[in-house]
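Have a look at the structure below, then the notes.
Protein chains in written order, with my numbering: chain P, 1 to 231; chain Z, 232 to 719.
Structure follows, in structure tokens:
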């Protein structure tokens, strides 16, 4: 359960985010859409305590994220490539995260085994540093790392961007599988309306920092979103 | 957790993209480090005896103490300019289940072991050893040394507190300059006064423990400040400055090379690496002041040629040696645009020539040291425009190193290869050699005329030379594109 109350973020006089109330129940797959500057990443950043809100607070499973850091134990996330450690190889990076999440080497290997198809033989055993991988491959590493250690909340900022079509389809399957588990809350933001409507049960549209639509996904949703954005 | 951090640190060091790439630059930096260490060691071991010799009636320790204020302020200023907390590295840690407390403590403790802190120990420790050997009170010396070591740490943390504060920097300069002046004119011996404090510690070493409290307080302040800033929009933010788009339309008079010149000027004024080259420009301009006032060089005319080429050509050399690497970030884009290569090079030529003229004009006051100097500088300026510009652009065709514009210039050898070092020889040594030889064989006038004449010949063949250089660039275009794409 992620609980947002009267949250706002201002830089000087410009308000980039203003959400009165937003509740994301446990187990929901939640999609955030909006144009550039709508506040998607800002919302995720506040949720991850990467920036502080000007007012209000977010609680993640009863923990106020800006007060305690306990939420980190059950939250996995990936924002962008700048959060990767560029001078490690993918294997070392996974081992590092695994270590922090209480997994041993065997656990990590077993865990990574599920993603063979997703990695498409481009990640493991390549003897390359993360900084030398392509943007898309870096993204794959970040996304998989976010799912390590059985997190209860998984947050992915624009996971589909920079991925090739095949990988996008595979990622959709991964997210859907994740969302099937009713213990895991998945939060995804995207510019691609088709993808979000496919993987998310609920879609919230942000515009200039405000929630303008809150839709339970149905067969009509894509049309509704397309007509909203085609102004 | 610490072991994790240390492992990462180790890997980061040995896998840093610059590591192992340019061995020459590494060796040079290593050489500097060893050089400074040796100097400090030498001062540490020999300082005592040297001071004893110079001021036999004074106690060397008291003398050192009375200079410590300047050493400390100087150290602080040096750090202010050079040392920053490496906060960017912790960004990836923020998403991981690591307590921010741990991260902040780690960053702070790590800073304790920086090169800046270790350096001065190379002086204090041997100096203390000598003191003890010379029969100073062991406890007193150890207390003094303890204070020094902790003081260095205090300076370390004090620097991070005041680092973004220009007023603090002003205060430091004021102390350094004011302290020096009042002492010089014997108004008030500020440094000596502070020095008595250090003498007191030597006599009562137990009081050196006070520094622990000071250090603890400074550490705590640092911790509080950093802990409240471990956010993406605070310490870890990449600063975005509001920019003024500049109207450079006055450059339009240069015709079809104007677009490139505008771009070059913006490149120079808007990037860290190029901006810090301005300091080098100032050093270059005043370079002559190191030599001309000294009577030793007054009659060494061949030396005028060297300084003339250097001080009118600082920009030429600094900027020119990295043509076309300055544009390496978007070289592909340039190459796919509709323009003649010659125009691109011509704009660089115009810019460099203009800089030579400007630097020459700014250097006219050197005439104070004798009209001969001005004449030689004039000839050197012509030589720079006529010969060196072409040479350096030709050398650029062999340039294969990418440059990252966002990094500062001092001690930055990115983009330097063997060519950059070799090219210095014809640029500086050759004109000096020619001048010296003729000045010795014939006379001063002929030497000046030949130097200027070479420049004029270069200018006369400008079109031909440019064509040859352009050809060379076109021939190595694909190699350049390929190598500029390599991150180094």
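Positions of the beta carbon are idealized from the N, C-alpha and C atoms, including for glycine.
Model, not experiment: these values are computed from the prediction.
Check: Going by DSSP in three states, residue 231(P) sits in which element: helix, strand or coil?; Outcome: coil
Check: Using 8 Å as the limit for Cβ to Cβ distance, is residue 83(P) near chain Z?; Outcome: yes
Check: Using DSSP with H/G/I as helix, E/B as strand and the rest coil, what is residue 55(P)?; Outcome: strand
Check: Note down the Cα distance separating residue 436(Z) from residue 371(Z), rounded to an integer number of angstroms.; Outcome: 5 Å
Check: Could you tell me if residue 504(Z) is buried or exposed, where buried requires 16 or more neighbouring beta carbons within 10 angstroms of its beta carbon?; Outcome: buried
Check: Using 8 Å as the limit for Cβ to Cβ distance, is residue 19(P) near chain Z?; Outcome: no
Check: Buried or exposed: which applies to residue 317(Z), given that a residue is buried once 16 or more other Cβ atoms fall within 10 Å of its Cβ?; Outcome: exposed
Check: When you compare each of 373(Z), 661(Z), 494(Z), 613(Z) to residue 588(Z) by their alpha carbons, which one comes out closest?; Outcome: 613(Z)
Check: Out of 59(P), 147(P), 80(P), 127(P), state which residue places its alpha-carbon closest to the alpha-carbon of residue 112(P).; Outcome: 147(P)
Check: Exposed or buried, which one is residue 134(P) when buried takes at least 16 other CB atoms within 10 Å?; Outcome: exposed
Check: Would you be able to state if there are at least three C-beta pairs under 8 Å between the segment 48 to 64 of chain P and the segment 86 to 100 of chain P?; Outcome: no
Check: I'd like to confirm the pairing. Which residues does DSSP put opposite residue 76(P) in its beta bridges?; Outcome: 154(P)
Check: What do you reckon, are the CB atoms on residue 454(Z) and residue 335(Z) nearer than 8 Å?; Outcome: yes
Check: Under DSSP, the beta strand (DSSP E) around residue 254(P) begins and ends at which residues?; Outcome: It is not possible to answer for residue 254(P), since the shown part of chain P is limited to 1 through 231.
Check: In the segment 328 to 352 of chain Z, which residues sit with their C-beta less than 9 Å from some C-beta in chain P, listed in chain order?; Outcome: 328, 329, 330, 331, 332
Check: In three-state DSSP terms, what is residue 669(Z)?; Outcome: helix
Check: If you count every other CB in all the chains shown that lies within 10 Å of the CB of residue 20(P), and 16 or more means buried, which is it?; Outcome: exposed
Check: Tell me, which residues are paired with residue 30(P) by DSSP?; Outcome: 187(P), 202(P)
Check: Label residue 671(Z) either buried or exposed according to how many other C-beta atoms from any shown protein chain fall within 10 Å of its C-beta, with 16 as the threshold for buried.; Outcome: exposed
Check: Counting only Cβ pairs nearer than 7 Å, list the residues of chain P close to residue 713(Z).; Outcome: Chain P residues near residue 713(Z): none, gap ~16 Å exceeds 7 Å.
Check: Chain P partners of residue 235(Z), CB-CB under 9 Å?; Outcome: 96, 99, 100
Check: Assign residue 750(Z) to buried or exposed, taking buried as 16 or more other Cβ atoms, counted over all protein chains shown, within 10 Å of its Cβ.; Outcome: This structure gives no information on residue 750(Z), because the portion of chain Z shown stretches from 232 to 719.
Check: Which of the three DSSP states, helix, strand or coil, is assigned to residue 337(Z)?; Outcome: helix
Check: Can you confirm whether residue 77(P), when its beta carbon is compared against all beta carbons of chain Z, has any partner nearer than 8 Å?; Outcome: yes
Check: Count the other CB atoms within 10 Å of the CB of residue 447(Z); is the residue buried (16 or more) or exposed (fewer)?; Outcome: exposed
Check: Give me the Cα-Cα distance between residue 493(Z) and residue 583(Z), rounded to the nearest whole angstrom.; Outcome: 13 Å
Check: Quick one: which unbroken alpha helix (DSSP H) runs of 4-plus residues sit fully inside the segment 484 to 533 of chain Z? Chain order, please.; Outcome: 489 to 501, 503 to 516, 518 to 522, 526 to 529
Check: First and last residue of the alpha helix (DSSP H) that includes residue 129(P)?; Outcome: Segment: none, residue 129(P) is in no alpha helix (DSSP H) and carries neither H nor E.
Check: Could you tell me which chain P residues have their CB closer than 9 Å to the CB of residue 662(Z), listed as they occur along the chain?; Outcome: Those do not exist, as residue 662(Z) stays about 44 Å from chain P at its closest Cβ, beyond 9 Å.
Check: Closer than 7 Å, Cβ to Cβ, to anything on chain Z: give me those residues from the segment 198 to 211 of chain P, in chain order.; Outcome: none
Check: Using 10 angstroms around the beta-carbon of residue 514(Z), count the other beta-carbons present and answer buried if the total reaches 16, otherwise exposed.; Outcome: exposed
Check: Give the list of continuous alpha helix (DSSP H) stretches no shorter than 4 residues that lie fully inside the segment 354 to 431 of chain Z.; Outcome: 369 to 393, 397 to 415
Check: Report yes if the C-beta distance between residue 375(Z) and residue 433(Z) is below 8 Å; otherwise report no.; Outcome: yes
Check: Check residue 11(P) in the structure and name its three-state DSSP category.; Outcome: strand
Check: For residue 460(Z), decide whether its Cβ has a neighbour in chain P, counting only Cβ atoms nearer than 8 Å.; Outcome: no
Check: In the DSSP assignment, find the unbroken beta strand (DSSP E) run with residue 213(P) in it and report its ends.; Outcome: 210 to 216
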